[in-house]
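Student: Pasting a structure below so you can have a look.
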Amino acid sequence: MVLSTISGFARRENRDRTMDSICRKCYATVATAYWELDLEIAEHSHVCDPAVLQYWNSRDGPKKTNQPAMRPSPSPTK
Ligand SMILES: [Zn+2]
Numbered sequence: 000m001v002l003s004t005i006s007g008f009a010r011r012e013n014r015d016r017t018m019d020s021i022c023r024k025c026y027a028t029v030a031t032a033y034w035e036l037d038l039e040i041a042e043h044s045h046v047c048d049p050a051v052l053q054y055w056n057s058r059d060g061p062k063k064t065n066q067p068a069m070r071p072s073p074s075p076t077k
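Dropping the structure here:
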């Protein structure tokens, strides 16, 4: 179950009654804690990793790239 917050973080309740705080920008699990205050402290000090942000930004969006196929195509000669 994901509980949204007004901040840039989402909260998720775990089976063991702990809660995860997930950054909405870089999708990192910032903290796992029993107490909301612990999550807020971790959220306050969280700084997104620029490399991770660049990774996510490159994955979505309408831009298309002409990347070569990952697998080599089968040889037509036999
Ligand atoms: Zn982040």
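Sequence positions in the sequence shown follow numbering that gives the first Met the number 0 and run 0 to 77.
Beta carbons: idealized from backbone N, C-alpha and C, even for Gly.
Values in this document were obtained by computation on a predicted structure and should not be read as measured data.
1. Quick one: what's Ser20 bridged to in DSSP?
2. In whole angstroms, give me the CA-to-CA distance for Ala30 and Asn56.
3. Can Ala27 be considered in contact with ligand 1, in the sense that its beta carbon sits closer than 7 Å to one or more heavy atoms?
4. Can you check whether the CB of Cys25 is closer than 8 Å to the CB of Phe8?
5. Kindly indicate which three-state DSSP category His43 falls into: helix, strand or coil?
6. Kindly indicate which residue of Thr28, Ser6, Ala32 has the alpha-carbon position closest to the one of Thr17.
Tutor: Taking the coordinates as given:
1. Arg10, Ala30
2. 23 Å
3. yes
4. no
5. helix
6. Ala32
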